[in-house]
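Residue 37 in our numbering sits at position 13 of the sequence shown; the count goes up by one each step and never skips. In this text, a Cβ means the ideal position worked out from N, Cα and C, and glycines have one as well. For reference, the structure is listed below as structure tokens.
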Amino acid sequence: MSHTSADATDSDPAHAPEEAPPSSPAENRAGKESVFSGAYRALTLGVLLSVGMVAFESLGVATVLPGIAEDLDGLGAYGWGLSALMLANIIGTVLAGRAADRRGPWRPMAVGMLVFAAGCAVAGAAPSWPLFLVGRFGQGLGVGAVMSMAYTMIGLAYPERLRARMYALLSSAWTIPSLVGPAITGILADHITWRSVFLLMLPIAAVAALLSLPGLRRLHRAEAAVTAPASAAQWWKRPLPSAILLTVGTGVLLQALLLENLVLLIVLAVAGVAVAVPALRWVAPEGTLSARAGLGAGVVVRGLLCGVYFGSEAFLPLGLQQLRGMGTTPAGLGLSAGAITWVVGSGLQAKRDNGKNGTRTASTVLGFAILLAGVALIALTILTSTIPSWIALVGWAIGGLGMGIGFNASTTDTLEQAPPEQQGEAGGALQLAQTLATGVIAGLGGAAIAFAQNHGGSTHTALLGVFVLTGLLAIAGMLIARRLRPEAARQG
25 MSHTSADATD SDPAHAPEEA PPSSPAENRA GKESVFSGAY RALTLGVLLS VGMVAFESLG
85 VATVLPGIAE DLDGLGAYGW GLSALMLANI IGTVLAGRAA DRRGPWRPMA VGMLVFAAGC
145 AVAGAAPSWP LFLVGRFGQG LGVGAVMSMA YTMIGLAYPE RLRARMYALL SSAWTIPSLV
205 GPAITGILAD HITWRSVFLL MLPIAAVAAL LSLPGLRRLH RAEAAVTAPA SAAQWWKRPL
265 PSAILLTVGT GVLLQALLLE NLVLLIVLAV AGVAVAVPAL RWVAPEGTLS ARAGLGAGVV
325 VRGLLCGVYF GSEAFLPLGL QQLRGMGTTP AGLGLSAGAI TWVVGSGLQA KRDNGKNGTR
385 TASTVLGFAI LLAGVALIAL TILTSTIPSW IALVGWAIGG LGMGIGFNAS TTDTLEQAPP
445 EQQGEAGGAL QLAQTLATGV IAGLGGAAIA FAQNHGGSTH TALLGVFVLT GLLAIAGMLI
505 ARRLRPEAAR QG
């Protein structure tokens, strides 16, 4: 649990016995305790392997997806190779978060891993593009559950003093896959078959389950008495129907953004938003759409962080290759640079985290500011010819540093405000905000490029619009971050 009587005694001198020595055995144990100590070792390794598995699959499949689409005659619907996973991610995230609040995190994590593995098996054996997309949809359901449970279990299983460290480690779980994932999957696809990329996920998922699930089962038993009240809302406002409506609305919006017919684009986009926004209100914590101080603002901050970072990153290689003439490999180094400094920033924040609310809010604002500087630098480098193109790699290393600081600080602050019986919903809401923001901002950027190509515009103008948008989102994040804590918002 997040707060125990021992924790309170160790942190509050007023509760310590007057005759206690300067360093009591309990204090020594707390000081030496780490996320890799005996009580947490297997769970920590299982969580990290689970997130690393998702990262490897995500980055690896993105590398070989063009070859898969060509082999299965799916180039005409290529975008759905990514969208199928993202949209299913929404459903998996919502259902897993609510299930964790009712019965504990063990069941949704176990089902999520099983569905992910089944999706990999279907995709790896698919003889046609439609069946491949079915597998990708199954993977997305599993990814949504696994990622939302990763944050949920940290809030439930680790004491407060270890959580910032775990969030930093979750960020680092993306580092190795971001560096070696594309290379390994490329080699497998070239020398064996692209199907081996998906089959490789099966033993990794099995090991991750063996490490993490036993600890979660014990946690499930300890939290068995905590049960969320049954929903009395209309059926369409309940988790599964509302998650499906959110998925459908988002899918319609993303598909509309790719249309050449301007009238049809606007009509379908408005219809998608009209379906998605009410559904988002039903599945997200109360106060999310208004960025209410506290949990609602925390969810919005996560969405803005990911919209700025992933929305900018999605067009970094494109800009460097098409506007600056950089090769594929060096352009991809910018993504690796951002991933590495994200981990560095997250680690720095974990070290300076002292549990004080104002410190985390200030760190989140600082993270947005550094991320904004990174976006500005890559935009100047890509859109002008006066700056050497390699400066964009430095720019995105700066952006990754800010993302690591802001992501760690805001996640820790947000989840600590959710009571134990709502940790699943809160963790799921953060993952949901990340998925939606990434998909929508990337979709808007793709639509801007498609619009430019279809109506005599230029990629330069489209990318300028993308970076202006992500820069404005970063500024909005700096303002909303001050609402992470209700008491801080009232003082402001």
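In terms of CA proximity to F491, L407 leads the group L223, I200, L283 and L407. Bounds of the alpha helix (DSSP H) holding R126 are W104 to R127. Beyond the five residues adjoining it in sequence on each side, G70 comes within less than 6 angstroms, by CB distance, of A232, L235 and S236 in the same chain, given in chain order. Per DSSP, W414 lies in no alpha helix (DSSP H) segment and is marked neither H nor E. Judged by beta-carbon spacing, I114 lies beyond the 8 angstroms limit of T385, meaning their Cβ atoms are not closer than that value.
For G419, same chain residues with a beta-carbon under 7 angstroms away, outside a window of 5 residues either side, are G398, L401, I402 and T405 in chain order.
Under the three-state reduction of DSSP, P183 is assigned to coil, being neither helix nor strand.
As summarised for the segment 331 to 376, the continuous alpha helix (DSSP H) elements at least 4 residues long and confined to that stretch are 340 to 346 and 352 to 376, given in chain order. Secondary structure at V204: helix, using DSSP grouped into helix, strand and coil.
Within the same chain, and ignoring the five residues on either side of S220 in sequence, the residues whose Cβ sits closer than 6 angstroms to its Cβ are L212. Its chain contains A486, G489 and V490 as the residues whose beta carbon lies nearer than 7 angstroms to that of A472, once the 5 sequence neighbours on both sides are disregarded; these appear in chain order. Excluding sequence positions up to five before and after V297, its CB lies within less than 8 angstroms of the CB of G273 and L277, all in the same chain and listed in chain order. Taking the CA atoms as reference points, G76 sits about 15 angstroms from G136. Taking 8 angstroms as the upper bound for CB-CB distance, A169 and G128 are not in contact here, some 14 angstroms apart. Only residues of its own chain outside the window of five on either side were considered, and among them V389, F392 and A393 have a CB closer than 7 angstroms to the CB of M502, listed in chain order. Pairing L395 with M427 gives a Cβ-Cβ distance under 8 angstroms. Taking C-beta atoms as the reference points, V367 and S196 count as a pair closer than 8 angstroms. Across the structure, W104 and A79 are spaced so that their CA atoms are roughly 19 angstroms apart. Residue environment for D437: buried (at least 16 other C-beta atoms within 10 angstroms of its C-beta).
Per DSSP, the unbroken alpha helix (DSSP H) holding W306 starts and ends at L286 to V307.
Where F60 is concerned, there is no enclosing alpha helix (DSSP H), because DSSP gives it neither an H nor an E. In this structure, DSSP gives Y191 a helical state, which the three-state scheme calls helix. In the structure shown, E310 falls within a coil segment according to DSSP collapsed to helix, strand and coil.
Pairing V88 with L193, the inter-Cα distance amounts to about 27 angstroms. If the five residues before and after A498 are omitted, its C-beta is found closer than 7 angstroms to the C-beta atoms of V332, F392, L395, L396 and V399, all from its own chain and listed in chain order. Annotation: L292 to L186 spans about 46 angstroms, alpha carbon to alpha carbon. Following the DSSP letters along the chain, one finds W130 inside the alpha helix (DSSP H) bounded by residues W130 to A149.
Remark: C-beta atoms of E449 and R131 do not approach each other more closely than 8 angstroms.
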